[in-house]
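J.:
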Amino acid sequence: MYERAKLFCSIFLFDEQLQAFQILIRKLILILESIEKLPLFLYDAPFNYGLQIFSKRFRFQIQYKNEQQLFTDRTGKSLKIEPLTTVGQLKTFLASMVSKQWYDHPHSHLEFVKQLKSDNRQIFTYTNEFDQNGILYWIGTNGKTVSDYTNPCSTGLISVSCSDNNYSSQQLSDLISHISSIDDQEDNEDINRNLSWIIIDLGLFIIPTHFTLRHPTGGFTNWTKNFLFQISKDTIHFLPCETSLVNDSNSPTATWIVKNLAENSTGFRYIRIHQKSSRHSVCISGFEVYGQVLSAVDIRS
Numbered sequence: 484m485y486e487r488a489k490l491f492c493s494i495f496l497f498d499e500q501l502q503a504f505q506i507l508i509r510k511l512i513l514i515l516e517s518i519e520k521l522p523l524f525l526y527d528a529p530f531n532y533g534l535q536i537f538s539k540r541f542r543f544q545i546q547y548k549n550e551q552q553l554f555t556d557r558t559g560k561s562l563k564i565e566p567l568t569t570v571g572q573l574k575t576f577l578a579s580m581v582s583k584q585w586y587d588h589p590h591s592h593l594e595f596v597k598q599l600k601s602d603n604r605q606i607f608t609y610t611n612e613f614d615q616n617g618i619l620y621w622i623g624t625n626g627k628t629v630s631d632y633t634n635p636c637s638t639g640l641i642s643v644s645c646s647d648n649n650y651s652s653q654q655l656s657d658l659i660s661h662i663s664s665i666d667d668q669e670d671n672e673d674i675n676r677n678l679s680w681i682i683i684d685l686g687l688f689i690i691p692t693h694f695t696l697r698h699p700t701g702g703f704t705n706w707t708k709n710f711l712f713q714i715s716k717d718t719i720h721f722l723p724c725e726t727s728l729v730n731d732s733n734s735p736t737a738t739w740i741v742k743n744l745a746e747n748s749t750g751f752r753y754i755r756i757h758q759k760s761s762r763h764s765v766c767i768s769g770f771e772v773y774g775q776v777l778s779a780v781d782i783r784s
């Protein structure tokens, strides 16, 4: 290799041979341009074809190189980033992703668990649909000690299963979302249309007084008519809930009051939602429950 480099320099780098060296460089550039496969976007071209690049997300994979392990190791995790995302936004998101969050602590150290142990039981009273008084909102804000709500299904504090085994963890989390996503309404309807039942493991023993659901596409007349709610301690024996609607069924959200549970009950951990008729599917994009919380169970262990 050294002899080849020496021969190259002796031929092309002499003063009288500079023109030959320039010709060689130009030829190499032409060859590279002829085999280039990357798309060329002409932003001043008609029909705005160049703007299509802004509709494609970039995919990145995280690798952790710090041997001191000051942050949570997310190596192998993939990120989809919008083309117009700024470096500052990416930095803020990554900081929250790799820094230890409140839900990363042991179950006994979580504030909502401490509140439950100190006060024995917590009471959550229904005011309106998807307010800040629900049990899932209480879990997702760590007993209302943090301002930003985090879906407790995405953190493993509660668990959701359904009749379709092909559901991803994100799709399961979307079933009990506290915040409505208008952009995903059409997609949610396609995702939910074949579900016959949903089971929610609250990681808590509760006595429910109200259930609230959200329809992913805004609802339709009598969409609430065929819902059935059942509760269980062990997912083996389910108790049907005697319920009645609180609000108008034409609304995109609906709340049912539970009538047949005694306050001296030892509580229930699981909630099953399904339809009275096999012709209908369970189509929801939000869930909340109200009532009394008696005790907590660590379902992550």
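When we follow this note's numbering, the leftmost residue of the sequence shown carries the number 484, and every step to the right adds one. Note that the Cβ used here is the ideal one computed from N, Cα and C, for glycine as well. These numbers come from a predicted model, not from an experiment.
Could you check if threonine 692 is buried or exposed, using at least 16 other CB atoms within 10 Å of its CB as the buried criterion?
T.: So threonine 692 ends up on the buried side.
J.: Using 7 Å as the threshold, is the C-beta distance between serine 764 and asparagine 709 below it?
T.: No. Outside cutoff.
J.: In whole angstroms, give me the CA-to-CA distance for tyrosine 773 and aspartate 781.
T.: Distance between the alpha carbons of tyrosine 773 and aspartate 781: 20 Å.
J.: Classify isoleucine 683 as buried or exposed, calling it buried when 16 or more other Cβ atoms lie within 10 Å of its own Cβ.
T.: Classification for isoleucine 683: buried.
J.: Could you round the C-beta distance between isoleucine 767 and proline 723 to whole angstroms and report it? I think they count as a contact, below 8 Å.
T.: Rounded, the Cβ-Cβ distance is 19 Å, inconsistent with contact.
J.: What's the call for glutamate 669, buried or exposed, on a 16-neighbour Cβ count within 10 Å?
T.: Only weak support exists for where glutamate 669 lies, its pLDDT of 48 falling under 50; the coordinates are left without a value.
J.: Here's the rule I'm using: 16 or more other beta-carbon atoms within 10 Å means buried, otherwise exposed. How should isoleucine 681 be labelled?
T.: Flag for isoleucine 681 reads buried.
J.: CA-CA distance, glycine 623 and leucine 696?
T.: So the two alpha carbons sit approximately 17 Å from each other.
J.: Tell me the residue span of the beta strand (DSSP E) that contains leucine 658.
T.: Run containing leucine 658: none in the beta strand (DSSP E); it sits in the alpha helix (DSSP H), 652–658.
J.: With a threshold of 16 other CB atoms inside 10 Å of the CB of isoleucine 618, please say whether the residue is buried or exposed.
T.: By the neighbour-count rule (16 or more Cβ atoms within 10 Å), isoleucine 618 is buried.
J.: Classify asparagine 649: buried if its beta carbon has 16 or more other beta carbons within 10 angstroms, exposed otherwise.
T.: Result: exposed.
J.: In angstroms, rounded to a whole number, what distance separates the CA positions of leucine 711 and serine 652?
T.: When rounded, the distance between both Cα atoms is 24 Å.
J.: Going straight from the alpha carbon of asparagine 549 to that of histidine 757, what length do you get?
T.: The alpha-carbon atoms of asparagine 549 and histidine 757 are separated by roughly 48 Å.
J.: May I ask you to list the residues that DSSP assigns as paired with arginine 755?
T.: Paired residue(s): Ile682, Gln713.
J.: Can you look up lysine 563 in the DSSP assignment and give me helix, strand or coil?
T.: The answer is strand: DSSP assigns lysine 563 an E or B state.
J.: Would phenylalanine 694 and lysine 716 be called neighbours here (beta carbons separated by less than 7 Å)?
T.: For phenylalanine 694 and lysine 716, no; Cβs fall outside 7 Å.
J.: Comparing alpha-carbon positions, which option in Ile518, Thr610, Glu516 lies nearest valine 729?
T.: Out of Ile518, Thr610, Glu516, Thr610 has the C-alpha closest to the C-alpha of valine 729.
J.: At the level of alpha carbons, what is the spacing between serine 446 and phenylalanine 541?
T.: This structure gives no information on residue 446, because the portion of the chain shown stretches from 484 to 784.
J.: Going by DSSP in three states, glycine 571 sits in which element: helix, strand or coil?
T.: Looking at glycine 571 - three-state DSSP - the assignment turns out to be helix.
J.: Use the C-beta contact count for glycine 769: other C-beta atoms within 10 angstroms, 16 or more gives buried, fewer gives exposed.
T.: Under this definition glycine 769 is a buried residue.
J.: Excluding the five sequence neighbours on either side, which residues of its own chain have a C-beta within less than 6 Å of the C-beta of isoleucine 494, listed in chain order?
T.: Contacts found: none.
J.: Which of the three DSSP states is assigned to alanine 457 in this structure?
T.: With the chain covering 484 to 784 only, the question about residue 457 has no answer from this structure.
J.: Along the chain, where does the alpha helix (DSSP H) that runs through arginine 487 open and close?
T.: Counting along the chain, the alpha helix (DSSP H) containing arginine 487 begins and ends at 485–495.
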